[in-house]
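Accompanying notes for the structure given below.
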Amino acid sequence: MVKLNVQASGTPLGEISDTDFRLLQSILEEEGPEDTDYWIDLDTIDLIASRGGSEQLVGLLRNAVAGTPEGVEVGFQQ
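If you read the sequence shown in my numbering, its first letter stands for residue 3, the second for the next number, and so on.
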């Protein structure tokens with residue numbers, strides 16, 4: 003399981019499966035091997051959902067951007 007949080011505040015979002023995390027890695031850009039966050043906005047969430055992201059993953063990400071539709075940095079910890 004991989005833990006997700008809102009990077010700016012450290013607020014925990016929940017945990018996702020390794021399968022969902024691999025999906026994120028395949029879709030989103032990592033700036034380097036030590037990068038531990040992804041920029042998430044509504045368009046990105048729609049893309050993740052269209053590529054088979056689980057309801058749990060999509061729900062957690064929608065909660066992360068609630069109130070900030072322009073997007074947020076979502077951190078991860080394996």
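Just so it is clear, CB atoms sit at the ideal spot from N, CA and C, and this is done for glycine as well.
C-beta atoms of residue i and residue j nearer than 8 Å
| i | j | result |
| --- | --- | --- |
| Gly69 | Gln9 | no |
| Ile29 | Leu44 | no |
| Gln58 | Lys5 | no |
| Leu26 | Asn65 | no |
Length of the line joining the Cα atoms of residue i and residue j
| i | j | result |
| --- | --- | --- |
| Ile1 | Glu32 | No information on residue 1 is available, as it lies outside the stretch 3 to 80 that the chain covers here. |
| Ala51 | Val60 | 6 Å |
| Ser56 | Gly73 | 20 Å |
| Ser11 | Thr38 | 15 Å |
| Gly54 | Asp20 | 14 Å |
| Ile18 | Leu62 | 9 Å |
| Ile47 | Met3 | 20 Å |
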